[in-house]
Amino acid sequence: MKLQFSTKFLCSISLCAFAILNFPLALSAQATSEYYRHVIFDNSLTSDSDYYSRGTANGTSYLELKNKNRLPVETKIFLTPPNAIRIQWQSAADGGWTAQIQSTTIRNRKPGLDGKYLFFWIYAPEAIAAADMPKIVLSNRREGLQVAEFPASFSEPIELGKYTGDVAAGRWIEVRIPLADCHGASIYEFNPAYLVSVVFHQGRADNVRHTMIVDEVRVDDETIAATLAPPTHLSATGYDRHVELEWAAEKQSSSVHTVIYRALDGGEFAPVGIQAPGINRYEDFLGKANVHAQYKIAAEDWSFKPSAFSDVASATTHDLSDDELLTMLQKTCFHYYWEAADPHSGMARENIPGDDRIVATGASGFAIMALAVGVDRGFITREQGVERLTKIVDFLEHADRYHGVWSHYMNGSTGKTMPVFGMTDNGGDLVETSFLMQGLLAARQYFKGATPGEKTLYRRITKLWESVEWDWYRQTPTSNFIYWHWSPQWAWQIHHPLIGFNEVMITYLLSISSPTHGVPASMYYSGWAAQEEMAQHYREGWSGSKDGDHYGNGNTYYGIKLDVGVGHGGPLFFTHYSFMGFDPHSLHDRFTNSYFENNKSIAQINHAYCIENPKKFEGYGDNAWGLTASDGPHGYVAHAPDEADDFGTLTPTGALASFPYTPKESMAAFKHYYRDLGATMWGIYGPRDAYNESENWISPIYMGLNQAPIVVMVENYRTGLVWKNFMANPEVGEMLKKLDAESVKK
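For the sequence shown, my numbering gives the first residue as 24, with consecutive numbering after it.
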């Protein structure tokens with residue numbers, strides 16, 4: 024099966040690739056978040072079948088299904104472009120069928136929907152009598168066959184024809200079902216606020232083939248008619264294979280979509296996509312160079328009544344050089360941290376869409392490094408960069424801290440800890456703080472100018488750096504290890520020692536570097552590269568391999584020798600997170616002469632594994648690789664090139680943040696993700712987080728941990744900018760001297 028893609032409202036992109044962004048936090052996060060408090064289905068990311076749907080048929084009843092019992096996507100008839108879901112059925116007396124439309128799984132999506140009615144629109148190519156319409160059941164679970172586990176619940180079946188009447192052929196009709204009419208049929212009370220599945224199923228057995236197209240499934244209150252003003256200041260810019268549209272932020276709150284219309288080469292305008300509220304950009308992927316397109320857009324409310332059209336804008340795609348493509352890539356990924364950052368704190372959100380309250384400490388450190396790249400590339404002015412960094416430092420100075428250490432997640436409005444991982448996750452996270460401090464130290468050197476604002480930033484960042492109590496996280500003064508967490512309520516209950524090789528080397532390097540709360544350089548070998556039995560079991564336990572359980576590896580994979588690393592090297596973020604600021608050229612130890620070369624080997628092994636593709640997943644190859652941590656079809660996984668951790672999910676940041684190590688292979692992957700898969704894989708913040716061709720799945724989110732490594736590591740490949748600035752910190756140089764002295768000891 025070949026993965027098929029379609030345009031989607033979140034697949035828009037802002038590049039303005041060589042111009043300065045002269046606007047602050049332009050996106051209305053509140054408007055976008057509110058959208059996801061209502062929507063169950065608007066469009067499918069894939070154009071053949073919808074991943075978030077299920078269907079079954081039994082007996083001689085019939086239901087059209089594709090790709091592992093999923094409902095087909097309709098791309099020619101839709102209420103909102105570019106697609107809808109098609110339900111084609113035939114009901115027999117000896118059988119039954121169910122067609123289930125589910126809400127999209129979005130990590131950290133705030134549970135619950137707001138509204139008193141279930142709305143959706145239907146279209147029948149041929150008339151259907153009310154008596155022949157399906158029944159409908161609502162459920163707050165994703166699977167049709169449910170066990171009685173609280174809070175699993177579902178409603179009694181209701182007759183859809185009661186709400187539609189006889190359905191005429193060839194026109195869209197809105198269906199409105201009061202949720203008060205949906206009474207529970209489970210052993211637990213049905214709560215419609217937690218609806219996730221709308222299940223159509225067999226009604227009267229008339230043994231006739233029927234087709235019904237379903238679009239825009241949502242929960243809401245009564246639709247209020249509104250007169251919308253047309254969008255203004257529409258601009259269009261052509262790039263290599265796509266056109267970027269941008270327009271002025273709306274001043275009205277009643278608009279729920281912006282509908283994009285396109286005409287090619289002077290032809291008729293046709294709708295090609297929608298954009299969610301609060302986002303004022305859209306990417307129209309045309310697939311080739313030298314295509315001229317004209318555009319106009321209209322605002323639309325929940326009754327799908329459009330405003331008047333905007334003025335027309337036009338653009339032509341044109342081939343870009345490799346250097347221009349890299350600038351384009353960095354620019355669009357940079358938008359995640361510039362315009363979509365938390366408006367109160369300037370910090371990076373954990374994922375978009377998601378819970379907009381949650382800002383991520385580590386991802387914000389990555390964002391700060393991306394900020395320096397944005398200034399240096401001219402995406403924003405230096406003054407804008409200083410202003411944003413000042414906002415971030417303001418927030419960090421007043422946020423919750425635990426012996427100087429920030430928590431993993433914080434509320435972007437208040438700075439209070441958000442224990443996303445459970446009740447014991449309510450204290451300091453030293454690893455996330457390390458990622459944050461890596462960014463702050465790189466920025467301290469980059470923004471080391473003579474202006475009062477930059478001088479103040481230098482002083483304030485230094486104070487934050489010197490107040491982190493790295494030594495506290497040893498637990499005891501004689502401990503050989505640094506520990507990940509500490510909580511004033513739970514103390515050391517999350518008793519997780521930091522043992523390498525993995526993504527947290529920077530924690531040991533910064534702990535040794537600290538001029539105020541440092542740890543001995545000997546801990547690099549007693550803790551990070553520990554040889555004791557406990558450390559060996561630790562490495563083998565999470566990697567599933569004895570290769571590298573002594574920290575050193577020494578084996579050869581695909582003809583590539585690996586000095587350090589577990590198994591086949593592990594997920595690629597091991598070579599990114601600690602080395603976005605810290606230059607791996609500068610580090611060697613008793614196990615390898617160069618961590619740059621070692622990281623290069625890990626990336627090359629990852630690439631070679633994907634070419635071999637031992638588990639025979641679809642879509643892997645020379646230009647499709649990059650196994651690293653991301654969401655997959657079944658949740659968040661640290662994808663790696665081994666039997667246990669390869670599930671067919673490729674994560675673009677894996678290959679693209681490896682540009683310093685594998686420039687040729689990374690460029691091939693970039694061109695594949697953009698030019699071949701760009702209709703869906705290229706979005707407003709760059710390449711989508713992940714995709715899995717074997718399961719016909721595309722990630723609906725972007726992650727704060729995954730877009731910034733692309734921006735920063737591509738820049739390190741091109742100019743070494745972030746490496747140079749981080750390594751210019753005098754404390755880092757002193758640390759390397761200490762480590763060198765420790766490394767020569769017997």
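Yeah, the Cβ is synthetic: ideal placement off N, Cα and C, and Gly gets one too. This structure is a prediction, so every number in the text was calculated from the model and none was measured.
Q. What is the DSSP secondary structure of ALA259, counted as helix, strand or coil?
A. strand
Q: Please classify GLN730: does DSSP put it in a helix, a strand, or coil?
A: helix
Q) In whole angstroms, what separates the C-alpha of HIS695 from that of LEU343? A) 15 Å
Q. With 16 other CB atoms within 10 Å as the buried threshold, where does GLY385 fall?
A. buried
Q. Are the beta-carbon atoms belonging to VAL314 and THR281 less than 8 Å from one another?
A. no
**Q.** Residue span of the beta strand (DSSP E) that contains ASP243, given as start and end
**A.** 232-243
(Q) Excluding the 5 residues flanking LEU48 on each side, which residues of the same chain have their C-beta closer than 7 Å to its C-beta? (A) With a pLDDT of 40 at LEU48, under the threshold of 50, the modelled position of this residue cannot be trusted; read the value that follows with caution. Around LEU48: GLU362, ALA364 and PRO366.
Q) Looking at the structure shown, is SER51 part of a helix, part of a strand, or coil, going by DSSP? A) Unreliable positioning characterises SER51 in this predicted model, as indicated by a pLDDT of 49, which lies under 50. A coordinate reading is not provided.
Q) Hey, quick one: how far does the alpha helix (DSSP H) through TYR618 stretch, first residue to last? A) 618-635
Q: Report buried or exposed for PRO777, applying the criterion of at least 16 other Cβ atoms within 10 angstroms of its Cβ.
A: For residue 777 there is no data in the structure shown, the boundaries of the chain being 24 and 769.
Q. Quick one: is the Cβ of GLY138 within less than 7 Å of any heavy atom of the ligand NAD?
A. The ligand NAD is not among the ligands present in this structure, which contains no ligands whatsoever.
(Q) Please give me, in chain order, every unbroken run of the alpha helix (DSSP H) with length at least 4 that falls completely inside the region 522-565. (A) 528-536
Q: Round the Cβ separation of THR651 and ASN622 to the nearest angstrom and send it over; I've been treating them as touching at under 8 Å.
A: So it is not a contact: roughly 13 Å between Cβ atoms.
Q) With DSSP run on the structure shown, which of helix, strand or coil describes SER176? A) coil
Q: Look at the Cβ atom of TYR506, then the Cβ atom of PRO520, and state whether they are nearer than 8 Å.
A: yes
Q: Give a yes or no on contact between the region 426-436 and the region 379-393, applying the rule of three or more CB pairs nearer than 8 Å.
A: yes
Q) Which parts of the region 60-140 are runs of the beta strand (DSSP E), unbroken and 3 residues or longer, counting only runs that do not cross its ends? A) 62-64, 76-81, 107-113 and 119-125
Q.
Spatial neighbours of ARG686 within its chain, please: C-beta separation below 7 Å, excluding the five flanking residues on both sides.
A. Sequence inspection shows Pro at residue 686; the Arg mentioned does not correspond to that position. Excluding residues within five positions, the ones whose Cβ falls inside 7 Å are TYR740.
Q.
Report the CB separation of THR121 from VAL222 in whole angstroms; it is logged as a contact under 8 Å.
A. 6 Å
Q: Determine the burial state of LEU1: buried for a count of at least 16 other Cβ atoms within 10 Å of its Cβ, exposed for fewer.
A: What the structure shows of the chain is the stretch from 24 to 769, and residue 1 is not part of that stretch, so it cannot be assessed.
Q: Identify, in the order they occur along the chain, each residue of the same chain with its Cβ nearer than 6 Å to the Cβ of THR501, setting aside the five sequence neighbours on each side.
A: none
Q: Express the C-alpha separation of ILE707 and VAL735 in angstroms, rounding to a whole number.
A: 18 Å
Q) Looking only at its own chain, which residues have a Cβ that is under 7 Å from the Cβ of MET758, when we skip the five neighbours before and after it? A) LEU532, ILE535 and SER536
Q) CB-CB under 7 Å to SER84, same chain, minus the five flanking residues each way: which ones, in chain order? A) GLN113, SER114, ALA115, GLY118, GLY119, TRP120 and GLN225
Q. Alpha carbon to alpha carbon, what distance is there between THR98 and PHE28?
A. At PHE28 the pLDDT is 38, less than 50, meaning the model places this residue with poor confidence; the figure from the coordinates comes in the next sentence. Cα-Cα distance, rounded: 11 Å.
Q.
Rounded to whole angstroms, what is the Cα-Cα separation between ARG241 and HIS256?
A. 30 Å
Q: Could you have a look at LYS478 and say whether DSSP puts it in helix, strand or coil?
A: helix
**Q.** CA-to-CA distance, LEU463 to ILE391, given in whole angstroms
**A.** 7 Å
Q: Counting only runs of 4+ residues fully inside the region 338-362, write out the alpha helix (DSSP H) ranges in chain order.
A: 345-361
Q: State the start and end residues of the unbroken alpha helix (DSSP H) segment that holds GLU273.
A: Per DSSP, GLU273 belongs to no alpha helix (DSSP H) and is neither H nor E.
(Q) Does GLY523 pass the burial test, meaning 16 or more other C-beta atoms within 10 Å, or should it be called exposed? (A) buried
Q | Range covered by the alpha helix (DSSP H) that runs through ASP763 | A | 753-766
Q: Could you tell me whether the region 664-674 touches the region 137-144, using the rule of 3 or more Cβ pairs below 8 Å?
A: no
Q.
Between ARG199, GLY188, GLU718 and PRO157, which has its C-alpha nearest MET235's C-alpha?
A. PRO157
**Q.** Terminal residues of the alpha helix (DSSP H) in which MET392 lies
**A.** 384-399
(Q) Considering Cα atoms alone, identify which of ASN719, ILE145 and THR703 is closest to VAL198. (A) ILE145
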